[in-house]
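Trainee: Just so you know, we're using our numbering here: the sequence shown kicks off at 1 and counts up by one. Glycine included, every Cβ here is placed at the ideal spot set by N, Cα and C.
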Amino acid sequence: MSVQPIASIDQLPDFPFPGSSYRGPDPIFTQLRAERPVVRVNWIGGGTAWIVTRAADVRAVLDDPRFSRAASYAPSAPKFSGLFQAPPGMIISLDPPDHTRLRTLAVQAFSPERILGMGPRVRELAGRLLDGLEKQAADGSAVDLVAGFASPLAMAVICELLGVPEQDREQFHTWVRLFADVNGPEEAAIEGREALGGYIAGLVGSKHQAPGDDVLSDLIAARDGEDRLSFEELVGLGYTLLGGGYDSAAGQIANFVLTLLAHHPDAWRRLGEHPEEVPAAVEELLRTVNLTGNDTSGLPRIATEEVVLGGATIAAGEAVFLAFASANRDAAEFADPERVDFGRPENAHLAFGYGIHQCLGAPLARVELAIAIEELTRRFPDARLPVAERELRWRVGDVNHNLLALPVELGGGVSGTDGSN
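1) Assign residue 120 to buried or exposed, taking buried as 16 or more other Cβ atoms, counted over all protein chains shown, within 10 Å of its Cβ.
2) Does the Cβ-Cβ distance between residue 91 and residue 70 come in under 8 Å?
3) Mapping DSSP to helix, strand and coil, what is residue 321?
4) Report the three-state DSSP secondary structure of residue 256 (helix, strand or coil).
5) Is the segment 358-372 in contact with the segment 153-168, if contact means three or more CB pairs nearer than 8 Å?
6) What are the complete alpha helix (DSSP H) segments, minimum 4 residues, inside the segment 180-247?
7) Is it right to say residue 416 is buried, meaning 16 or more other beta carbons lie within 10 angstroms of its own, or is it exposed?
8) Could you tell me the alpha carbon to alpha carbon distance between residue 1 and residue 279, rounded to whole angstroms?
9) Residue 76 by DSSP, collapsed to three states: which one?
10) Could you give the distance in angstroms between the alpha-carbon of residue 48 and the alpha-carbon of residue 316?
11) Roughly how far, in whole angstroms, is the beta-carbon of residue 398 from the beta-carbon of residue 26, given that I think they are within contact range, below 8 Å?
12) So, at 6 Å on beta carbons, what are the nonlocal neighbours of residue 169 in its own chain, with the 5 sequence-adjacent residues on each side left out?
13) Report yes or no: is there a C-beta of chain C within less than 8 Å of the C-beta of residue 302?
14) With a CB to CB cut of under 7 Å and the five nearest residues on each side skipped, what residues in its chain are close to residue 387?
15) By DSSP's criteria, residue 409 is part of a beta bridge. Which residues make up the other side?
16) Given residue 339, which residues of its chain have a CB within under 6 Å of its CB, disregarding the five upstream and five downstream residues?
17) Please classify residue 292: is it buried, with 16 or more other beta-carbons within 10 angstroms of its beta-carbon, or exposed?
18) Please state whether DSSP places residue 115 in a helix, a strand or coil.
19) Taking contact to mean 3 or more Cβ pairs, one atom from each stretch, closer than 8 Å, check whether the segment 142-154 and the segment 250-264 are in contact.
20) My parser needs the alpha helix (DSSP H) runs of 4 or more residues fully inside the segment 103-154; what are they?
21) Residue 267: buried (16+ other C-beta within 10 angstroms of its C-beta) or exposed?
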C-alpha cells in the first residue's frame, strides 16, 4: 500500500479517515506512528477524541485502569456519530472488577476441549456448503462466496455454539444486519437490537428449563463459588457472542478469500497443497486484513484522570480510541510490516485484542477461519475472481468492511489482480 504523506499532522482530515479499506488502515497512520503516535482528531459530525496508533501504547491503554470503558456510558461522556456502542452491562462495556467477575464465569464455557471439539462439525458444515456451491457452479458460472458460504457458515457455527434452532437463523441474520448498520435509521437499529435481545432472553429461559450441549447452557451452569451469571448477564453474553461471532467471522472469511485470490493467488494454490501452513497464514491475514470500518476497535475509552501517553497529555474525561489496524503495522513490532508474509515466524498481532480484554471467541474464530480457508483452497485450487476487484460492492455504513457479494469461479483459469495495490 503506497503512503500518501500529509503536509502537517495539524492538517489531518476529520476522523474516521477516508482511506481505510479491508486491505489496511488509512496510510496516514504510517506518518502518525512516526511523528505523533497519540494524536487528537476531530470526529466527523462533531467532537474530538484521541487515537492511539502504536502497538505498545495500545497494550498500555488496555492494561491501564485509568482508561475506562464503563465511563463511556456516563451522560457527560463524549458521544460520536456513526459509532456502534454496545449496550451497558455487556462484557465489552465493563471495567474490572465487574469485567473480571463476568469473564471468570464466562470463560468456563469456552474450554479448549469444547472449541477443538467443534472442529469436525465446522468442517462438516463447510463441506456441505461447498458441495452446494460446486453443484451450482457445474455449468462454469460464478458463485457468491458471501451468500453461499461465508455468511451461512458463520451463522451456523455461532448458532450451534449457542444452541439456536436452525429455523430461526435467517431471522437472526436480519436482526444483526439492522443493528450493524451504524449509519442507518436509528429506529431500525433499535428494532434489531431489541428483537435480538428479546429472542435471546427467550432462549436463555428455555435453556434454564432444558439445558443442552451448548455454550449458553454451560454459561447458565457456570459457578465461581456461590456466584453465577444473572439472567440479564446471560442475555448480554449471548447477544455479544452472536453479534461478534457471526458478523466478524462472516466478514473476515470473505475478506480473506478476496485478499488471497486478488493479491496472492500463488499462496492460495500453495495452501491447498500444504494445509499445515494454513494456521500461520490465517494469523498473517488477521494481522493485515482490516475488518473494522474506522480502523479502531470502535469502542471508546474515557480517561478517568490526566494521563501522559506517547508524548501526549490526555485530560480526564476525554475519549480514547485504539487503532488496532495501525498497531498491527507497527515496525517496532513487525519486521517489514507492510509486507504480507504467510510464514511470519512471530506474529503477536492485536486482531483479537490483548490481555484481559482479549476476545473470548478468539479460539473458535481461529478454528473457523482455518477450516474455511483449508477447505476452499483444497477443493478449488484454480478458483479465480471473474470481475475486477474495483467492481466489488461493499456494505455502506457497516461497523465492519463487509462485502455485499463475492463472485468466484471455482475451477479453471488462473486468478489475477486488477492492478490495484
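Mentor: The relevant details are as follows:
1) exposed
2) no
3) strand
4) helix
5) yes
6) 186-209, 215-221 and 231-243
7) Any answer about residue 416 is weak, because its pLDDT of 38 lies below 50 and its placement is not dependable; what the coordinates show is given next. Per the 10 Å Cβ criterion, exposed.
8) Legend: pLDDT at residue 1 = 45, less than 50; position of this residue unreliable, value from coordinates given subsequently. Cα to Cα, residue 1 sits roughly 24 Å from residue 279.
9) coil
10) 13 Å
11) Contact doesn't hold; Cβ gap of about 17 Å is too wide.
12) 155 and 159
13) Of the protein chains in the structure, only one exists, and it is not chain C.
14) 407
15) 384
16) none
17) buried
18) helix
19) yes
20) 112-117 and 119-136
21) buried
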